[in-house]
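*Asks:* Residue numbers (the numbering used here), protein chains in the order written: chain A, 272 to 530; chain B, 272 to 530; chain C, 272 to 530; chain D, 272 to 530.
The following block contains the structure, expressed as structure tokens.
Protein chains: 4
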Amino acid sequence: MTKRLRSDLAWSTADRIVVRGHDLAEELIGKVSLGDVAFLELKGRLPTAQESTVFNALAVTLVEHGMTPSAIAARLTIFGAPESLQGAVAAGLLGMGDRFGGPVEGAARMLQEALLQAKPDAELRAVAKQIVSAYKERKEPVAGLGHPVHKDVDPRTPKLFAIAAENGFSGRHVELMKLVSEEASRSYGRPLPVNATGAIGAIASELEIPWRVCRGLAVMARAIGLVAHIQEELEDPLAAEIWSRVEDESSSHIRPGTD
Amino acid sequence: MTKRLRSDLAWSTADRIVVRGHDLAEELIGKVSLGDVAFLELKGRLPTAQESTVFNALAVTLVEHGMTPSAIAARLTIFGAPESLQGAVAAGLLGMGDRFGGPVEGAARMLQEALLQAKPDAELRAVAKQIVSAYKERKEPVAGLGHPVHKDVDPRTPKLFAIAAENGFSGRHVELMKLVSEEASRSYGRPLPVNATGAIGAIASELEIPWRVCRGLAVMARAIGLVAHIQEELEDPLAAEIWSRVEDESSSHIRPGTD
Amino acid sequence: MTKRLRSDLAWSTADRIVVRGHDLAEELIGKVSLGDVAFLELKGRLPTAQESTVFNALAVTLVEHGMTPSAIAARLTIFGAPESLQGAVAAGLLGMGDRFGGPVEGAARMLQEALLQAKPDAELRAVAKQIVSAYKERKEPVAGLGHPVHKDVDPRTPKLFAIAAENGFSGRHVELMKLVSEEASRSYGRPLPVNATGAIGAIASELEIPWRVCRGLAVMARAIGLVAHIQEELEDPLAAEIWSRVEDESSSHIRPGTD
Amino acid sequence: MTKRLRSDLAWSTADRIVVRGHDLAEELIGKVSLGDVAFLELKGRLPTAQESTVFNALAVTLVEHGMTPSAIAARLTIFGAPESLQGAVAAGLLGMGDRFGGPVEGAARMLQEALLQAKPDAELRAVAKQIVSAYKERKEPVAGLGHPVHKDVDPRTPKLFAIAAENGFSGRHVELMKLVSEEASRSYGRPLPVNATGAIGAIASELEIPWRVCRGLAVMARAIGLVAHIQEELEDPLAAEIWSRVEDESSSHIRPGTD
Numbered sequence: 272m273t274k275r276l277r278s279d280l281a282w283s284t285a286d287r288i289v290v291r292g293h294d295l296a297e298e299l300i301g302k303v304s305l306g307d308v309a310f311l312e313l314k315g316r317l318p319t320a321q322e323s324t325v326f327n328a329l330a331v332t333l334v335e336h337g338m339t340p341s342a343i344a345a346r347l348t349i350f351g352a353p354e355s356l357q358g359a360v361a362a363g364l365l366g367m368g369d370r371f372g373g374p375v376e377g378a379a380r381m382l383q384e385a386l387l388q389a390k391p392d393a394e395l396r397a398v399a400k401q402i403v404s405a406y407k408e409r410k411e412p413v414a415g416l417g418h419p420v421h422k423d424v425d426p427r428t429p430k431l432f433a434i435a436a437e438n439g440f441s442g443r444h445v446e447l448m449k450l451v452s453e454e455a456s457r458s459y460g461r462p463l464p465v466n467a468t469g470a471i472g473a474i475a476s477e478l479e480i481p482w483r484v485c486r487g488l489a490v491m492a493r494a495i496g497l498v499a500h501i502q503e504e505l506e507d508p509l510a511a512e513i514w515s516r517v518e519d520e521s522s523s524h525i526r527p528g529t530d
Numbered sequence: 272m273t274k275r276l277r278s279d280l281a282w283s284t285a286d287r288i289v290v291r292g293h294d295l296a297e298e299l300i301g302k303v304s305l306g307d308v309a310f311l312e313l314k315g316r317l318p319t320a321q322e323s324t325v326f327n328a329l330a331v332t333l334v335e336h337g338m339t340p341s342a343i344a345a346r347l348t349i350f351g352a353p354e355s356l357q358g359a360v361a362a363g364l365l366g367m368g369d370r371f372g373g374p375v376e377g378a379a380r381m382l383q384e385a386l387l388q389a390k391p392d393a394e395l396r397a398v399a400k401q402i403v404s405a406y407k408e409r410k411e412p413v414a415g416l417g418h419p420v421h422k423d424v425d426p427r428t429p430k431l432f433a434i435a436a437e438n439g440f441s442g443r444h445v446e447l448m449k450l451v452s453e454e455a456s457r458s459y460g461r462p463l464p465v466n467a468t469g470a471i472g473a474i475a476s477e478l479e480i481p482w483r484v485c486r487g488l489a490v491m492a493r494a495i496g497l498v499a500h501i502q503e504e505l506e507d508p509l510a511a512e513i514w515s516r517v518e519d520e521s522s523s524h525i526r527p528g529t530d
Numbered sequence: 272m273t274k275r276l277r278s279d280l281a282w283s284t285a286d287r288i289v290v291r292g293h294d295l296a297e298e299l300i301g302k303v304s305l306g307d308v309a310f311l312e313l314k315g316r317l318p319t320a321q322e323s324t325v326f327n328a329l330a331v332t333l334v335e336h337g338m339t340p341s342a343i344a345a346r347l348t349i350f351g352a353p354e355s356l357q358g359a360v361a362a363g364l365l366g367m368g369d370r371f372g373g374p375v376e377g378a379a380r381m382l383q384e385a386l387l388q389a390k391p392d393a394e395l396r397a398v399a400k401q402i403v404s405a406y407k408e409r410k411e412p413v414a415g416l417g418h419p420v421h422k423d424v425d426p427r428t429p430k431l432f433a434i435a436a437e438n439g440f441s442g443r444h445v446e447l448m449k450l451v452s453e454e455a456s457r458s459y460g461r462p463l464p465v466n467a468t469g470a471i472g473a474i475a476s477e478l479e480i481p482w483r484v485c486r487g488l489a490v491m492a493r494a495i496g497l498v499a500h501i502q503e504e505l506e507d508p509l510a511a512e513i514w515s516r517v518e519d520e521s522s523s524h525i526r527p528g529t530d
Numbered sequence: 272m273t274k275r276l277r278s279d280l281a282w283s284t285a286d287r288i289v290v291r292g293h294d295l296a297e298e299l300i301g302k303v304s305l306g307d308v309a310f311l312e313l314k315g316r317l318p319t320a321q322e323s324t325v326f327n328a329l330a331v332t333l334v335e336h337g338m339t340p341s342a343i344a345a346r347l348t349i350f351g352a353p354e355s356l357q358g359a360v361a362a363g364l365l366g367m368g369d370r371f372g373g374p375v376e377g378a379a380r381m382l383q384e385a386l387l388q389a390k391p392d393a394e395l396r397a398v399a400k401q402i403v404s405a406y407k408e409r410k411e412p413v414a415g416l417g418h419p420v421h422k423d424v425d426p427r428t429p430k431l432f433a434i435a436a437e438n439g440f441s442g443r444h445v446e447l448m449k450l451v452s453e454e455a456s457r458s459y460g461r462p463l464p465v466n467a468t469g470a471i472g473a474i475a476s477e478l479e480i481p482w483r484v485c486r487g488l489a490v491m492a493r494a495i496g497l498v499a500h501i502q503e504e505l506e507d508p509l510a511a512e513i514w515s516r517v518e519d520e521s522s523s524h525i526r527p528g529t530d
């Protein structure tokens with residue numbers, strides 16, 4: 272009648288803590304890096320050296336992007352709730368949604384679903400053409416392509432693809448992502464290079480990370496970056512100045528004594 | 272009149288992204304691990320090999336503790352808001368407060384403030400005695416000591432202290448933490464061993480991480496663990512069962528047709 | 272080049288605070304109820320007596336649903352972060368997503384988009400048929416219909432529709448919602464009555480609240496309920512017991528000494 | 272061995288939902304306003320007319336304060352995660368901590384603890400003197416006094432106190448709050464009038480709302496205001512402009528091509 276509750280992630284007794292089958296004190300602490308434990312958590316086993324290089328490259332790419340809306344929100348939040356660093360990180364992460372974290376998920380989903388439905392020997396250019404025309408029909412931008420700042424080439428993309436190739440993770444998902452870029456550029460008549468989220472989505476798919484948690488790569492990495500922003504905010508605060516400027520300007524059209 | 276806004280964490284142009292002075296594509300991606308980038312973010316420079324080992328050990332310890340209140344909250348949240356993985360991680364992190372993330376901060380603060388106020392050549396046992404009697408007077412448990420499950424020894428503590436010592440980070444903060452444990456055990460007449468949060472707080476202090484962001488070590492590491500819990504929840508959901516049981520039992524004394 | 276920041280919600284000077292054009296101290300405090308200020312905030316003007324009755328009815332319906340996943344998450348969060356009541360409320364609200372808050376939005380969107388596209392004199396039964404067949408084609412459940420517990424009739428629905436009718440807000444959105452229920456019941460061959468979220472989505476549409484913020488009605492109302500859950504949790508805590516049970520059971524298959 | 276889970280807030284069966292002992296459909300929807308249901312949730316009974324006026328006045332005061340850090344954070348969050356209105360409200364609420372929501376709690380705690388410890392016939396001016404000297408000794412600002420903008424008098428305070436008095440809720444907590452203001456002004460040699468949070472903390476104490484949930488009054492009321500800010504942001508977005516300005520200025524000292 273009732274479902275049995277069950278989780279395979281960890282257990283502990285008075286003298287042991289075991290994470291994903293590995294004794295935390297004996298096998299992980301001091302022996303395995305943070306990025307590799309993240310791989311262990313998601314995949315249920317430790318990475319090979321090649322997997323470690325590739326997975327860490329993806330995560331490192333997502334840690335820090337400067338003064339993003341997430342970072343500003345975290346800084347405004349620690350200003351109002353200095354007792355709760357966790358609340359400020361949470362506020363920042365809440366902005367890692369469809370616009371910022373979502374594109375990694377979107378690209379991974381696009382590739383994983385297309386290759387799941389395609390026959391094992393499907394010609395990938397045909398698959399790419401289908402993908403592009405489906406997006407075009409829905410009048411949506413193709414996942415993983417283009418960037419408002421890095422217009423010609425996203426400097427992260429060739430690096431990520433090179434690392435994936437050097438380590439044996441440049442398979443059909445990566446190939447399909449590149450073909451989608453080619454077909455979209457042709458179809459829209461302007462360069463639509465693979466951006467960092469497209470590269471990450473493709474390579475995460477090579478690592479067989481399900482698309483439903485690919486947004487989580489951005490979330491876990493950005494949690495690190497947000498702690499750094501909060502540290503800087505505590506040392507040299509910007510929130511009060513941002514608040515003051517935004518409040519003054521935004522109400523100046525209705526506040527007496529201002530123009 | 273207005274303060275100039277300024278952040279040193281990152282900047283980007285059309286063809287470059289620079290994080291803490293390092294070109295992201297050229298110097299970090301594929302070359303530096305996630306844990307080392309976390310160190311870079313907090314400290315403004317990449318770690319030495321020794322620092323890397325020690326810092327990663329701290330972070331790894333904090334990733335996963337099984338089915339904690341945070342993990343359960345994250346699972347209940349993704350059940351209600353499956354569109355927002357970032358919201359489920361945020362909900363889980365919000366529980367990393369005074370009870371779970373706070374002790375790392377508490378231990379680091381206790382040690383950093385005591386050594387800041389003490390003379391450089393202060394006898395550490397005397398400092399430890401002062402600390403313990405101050406806590407006793409305030410009727411508060413001493414930060415970083417004791418554990419409800421790991422009563423005799425927290426298996427993480429000796430490992431963490433050993434790694435710190437092997438890598439040259441067993442200085443006065445670590446020494447003071449151990450002496451606080453000795454003095455508290457004597458004063459309270461029962462074993463009060465250093466727990467994992469005490470060890471982490473002490474070693475983070477050796478790495479000169481300010482106590483105000485030490486809770487952030489737990490927050491950033493646990494973000495990883497929470498993504499793994501959400502992944503497991505999506506594959507094999509527990510939230511509906513937990514909800515059903517808790518709702519049924521908690522209202523059974525007032526709901527007609529139940530006893 | 273830059274956009275002028277502008278908000279019409281409120282302004283203040285040394286001796287006045289003005290919310291939506293009303294002097295807070297002189298015109299609102301002590302004169303207008305919380306629900307009516309919520310209406311003012313969303314609509315930019317105070318409600319008529321009829322609008323007040325209808326709007327408050329919608330909000331009241333959404334305040335409290337017992338021990339929901341949101342309420343349990345809020346309780347687990349205050350256990351871990353007792354310093355941050357706002358964090359516990361936030362954690363609870365984060366579960367008011369597609370499954371719990373979303374249906375109000377979904378129903379309102381369905382009705383508002385259909386009536387926006389339909390001609391002013393469109394026959395509503397035909398519109399309802401189109402809606403149902405579109406959902407059926409997408410293999411999605413029709414928004415605002417059916418309930419796992421209140422199978423025959425959701426006790427909130429007839430009440431909400433009666434109040435709307437008595438106060439002059441039983442217009443075309445409400446009519447269309449009822450016809451969608453009739454057509455869906457016929458098409459699926461089983462009773463699919465309008466549930467509370469369907470009724471609220473329809474009546475909110477009569478009040479001309481945009482569907483994009485209709486989820487916000489659930490969010491603002493539930494914030495009240497969550498504060499009450501946190502108050503009860505602080506007086507008579509359940510979180511530790513829930514944690515203990517879930518942790519024990521979920522790891523019993525891998526923890527030594529358990530079966 | 273295990274604790275029985277128990278909550279008195281609500282229960283439901285197939286045909287009834289009962290909130291705090293009141294049938295939701297029959298007794299609350301359409302009959303009771305949102306503010307009165309909030310009172311019911313917190314107090315376990317519906318308010319008298321006098322209590323309703325006073326409680327709604329407190330809540331109304333806290334709904335909207337213009338472009339606060341919370342409101343800006345909520346707007347930045349909906350920009351990044353447009354799929355999750357609940358996440359944007361949550362992000363905004365997370366800033367209602369020690370600086371913004373906390374003062375209501377602080378004032379209520381100060382008054383409730385002082386009157387709990389004082390004898391029933393204690394002379395309140397003496398209690399006020401003790402309170403002020405205790406804050407002075409700890410070098411902390413006295414809770415509930417002074418305001419950076421409303422320096423001479425907070426326009427909300429006399430209104431709130433008048434409403435409390437007219438409705439029979441101007442008892443010892445309110446009297447003590449006023450005496451604390453007098454004693455603090457004398458002791459610090461400058462006017463320290465009761466601000467809105469001091470008045471609300473005092474009057475909430477008259478309503479016997481425990482200080483531990485007084486911050487929750489601000490949280491529940493502000494949830495309403497944040498939905499209004501998100502609605503305005505969706506209609507007329509400011510987030511991208513704030514992001515752009517803050518990012519440009521804050522990195523201009525290190526970004527090539529800027530001064």
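Glycine included, every Cβ here is placed at the ideal spot set by N, Cα and C.
Below 9 Å between beta carbons is the criterion; list the residues of the segment 320-339 of chain B that meet it against any residue of chain A, in chain order.
*Replies:* Cβ contacts with chain A: Ser323, Thr324, Val325, Phe326, Asn327, Ala328, Leu329, Ala330, Val331, Thr332, Val334, Glu335, His336, Gly337, Met338.
*Asks:* Does any residue of chain C bring its CB to less than 8 Å from the CB of Ser523 of chain B?
*Replies:* Not one chain C Cβ lies under 8 Å of Ser523 of chain B.
*Asks:* For the segment 351-379 of chain B, which residues have a CB atom closer than 7 Å to at least one CB atom of chain A, in sequence order?
*Replies:* Correct list: Ser355, Leu356, Gln357, Gly358, Val360, Ala361, Leu364, Leu365, Met367, Gly368, Gly372.
*Asks:* For a quick check, are the C-beta atoms of Ala470 of chain D and Thr529 of chain D less than 8 Å apart?
*Replies:* Contact: no.
*Asks:* In chain order, what residues of the segment 464-487 of chain B put their CB closer than 8 Å to some CB of chain A?
*Replies:* Going along the segment 464-487 of chain B in chain order, one finds Pro481, Arg483, Val484, Arg486, Gly487 with a Cβ nearer than 8 Å to chain A.
*Asks:* Would you list the residues sitting across from Ala281 of chain B in a DSSP beta bridge?
*Replies:* The partner list for Ala281 of chain B (beta bridge, DSSP) reads B:Val290.
*Asks:* For a quick check, are the C-beta atoms of Val517 of chain A and Ile343 of chain D less than 8 Å apart?
*Replies:* A contact, by the Cβ cut-off of 8 Å.
*Asks:* Since Ala433 of chain B meets chain C, which of its residues come closer than 8 Å, beta carbon to beta carbon?
*Replies:* Residues of chain C passing the Cβ test: none, with the nearest at roughly 25 Å.
*Asks:* For Ser458 of chain C, which option in C:Ala379, C:Glu408, C:Gln383 has the closest C-alpha, if you only look at C-alpha atoms?
*Replies:* Out of C:Ala379, C:Glu408, C:Gln383, C:Glu408 has the C-alpha closest to the C-alpha of Ser458 of chain C.
*Asks:* Just checking: is the beta-carbon of Leu347 of chain C within a distance shorter than 8 Å of some beta-carbon in chain B?
*Replies:* Yes, its Cβ sits closer than 8 Å to a Cβ of chain B.
*Asks:* Which runs of the alpha helix (DSSP H) at least 4 residues long sit entirely within the segment 295-371 of chain D? Give them in chain order.
*Replies:* For the segment 295-371 of chain D, whole alpha helix (DSSP H) runs of length 4 or above, ordered along the chain, are 305-314, 320-332, 340-351, 356-364.
*Asks:* To the nearest angstrom, report how far apart Asp369 of chain A and Ala352 of chain D are at their CA atoms.
*Replies:* Their backbone Cα atoms lie some 5 Å apart in a straight line.
*Asks:* Helix or strand or just coil, what does DSSP make of Leu276 of chain D?
*Replies:* It is coil, neither helix nor strand.
*Asks:* So if I threshold CB-CB distances at 9 Å, which residues from the segment 491-503 of chain C count as touching chain D?
*Replies:* For the segment 491-503 of chain C, which is checked against every Cβ of chain D, the residues closer than 9 Å are Met491, Ala492, Arg493, Ala494, Ile495, Gly496, Leu497, Val498, Ala499, His500, Ile501, Gln502, Glu503.
*Asks:* Rounded to whole angstroms, what's the CA-CA distance from Leu509 of chain D to Phe350 of chain D? Just pull it up for me.
*Replies:* Cα to Cα, Leu509 of chain D sits roughly 9 Å from Phe350 of chain D.
*Asks:* Against chain D, does Ala436 of chain A count as a neighbour if the rule is that its beta carbon must be under 8 Å from one of theirs?
*Replies:* By this cut-off, Ala436 of chain A is not an interface position.
*Asks:* Note down, in chain order, every chain G residue with its Cβ under 7 Å from the Cβ of Lys274 of chain C.
*Replies:* Looking for chain G here will not work: the only protein chains present are A, B, C and D.
*Asks:* Measuring CA to CA, which of A:Ala433, A:Ala397, A:Val445 is closest to Gly415 of chain A?
*Replies:* When only C-alpha atoms are compared, the closest one is A:Val445.
*Asks:* Rounded to whole angstroms, what is the Cα-Cα separation between Arg483 of chain A and Ser355 of chain B?
*Replies:* Distance between the alpha carbons of Arg483 of chain A and Ser355 of chain B is about 10 Å.
*Asks:* Put Val375 of chain A into one of helix, strand or coil per three-state DSSP.
*Replies:* If DSSP states are grouped into helix, strand and coil, Val375 of chain A belongs with the helices.
*Asks:* When you compare only the Cα positions, how much space is there between Asp307 of chain D and His293 of chain C?
*Replies:* So the alpha carbons of these two residues sit roughly 22 Å apart.
*Asks:* For Ala414 of chain D, which residues in chain A fall below 7 Å Cβ to Cβ?
*Replies:* Within chain A, no residue comes near Ala414 of chain D; the closest Cβ sits about 15 Å away, beyond 7 Å.
*Asks:* Which residue comes first and which comes last in the alpha helix (DSSP H) that contains Arg516 of chain A?
*Replies:* First-last of the alpha helix (DSSP H) with Arg516 of chain A: 510-522.
*Asks:* Taking Cβ to Cβ, would you say Ile501 of chain C is nearer than 8 Å to Val360 of chain C?
*Replies:* Cβ atoms of Ile501 of chain C and Val360 of chain C: closer than 8 Å.
*Asks:* Is the segment 462-482 of chain D close to the segment 418-428 of chain D, with three or more CB pairs under 8 Å?
*Replies:* The answer is yes - the segment 418-428 of chain D touches the segment 462-482 of chain D, with three or more Cβ pairs under 8 Å.
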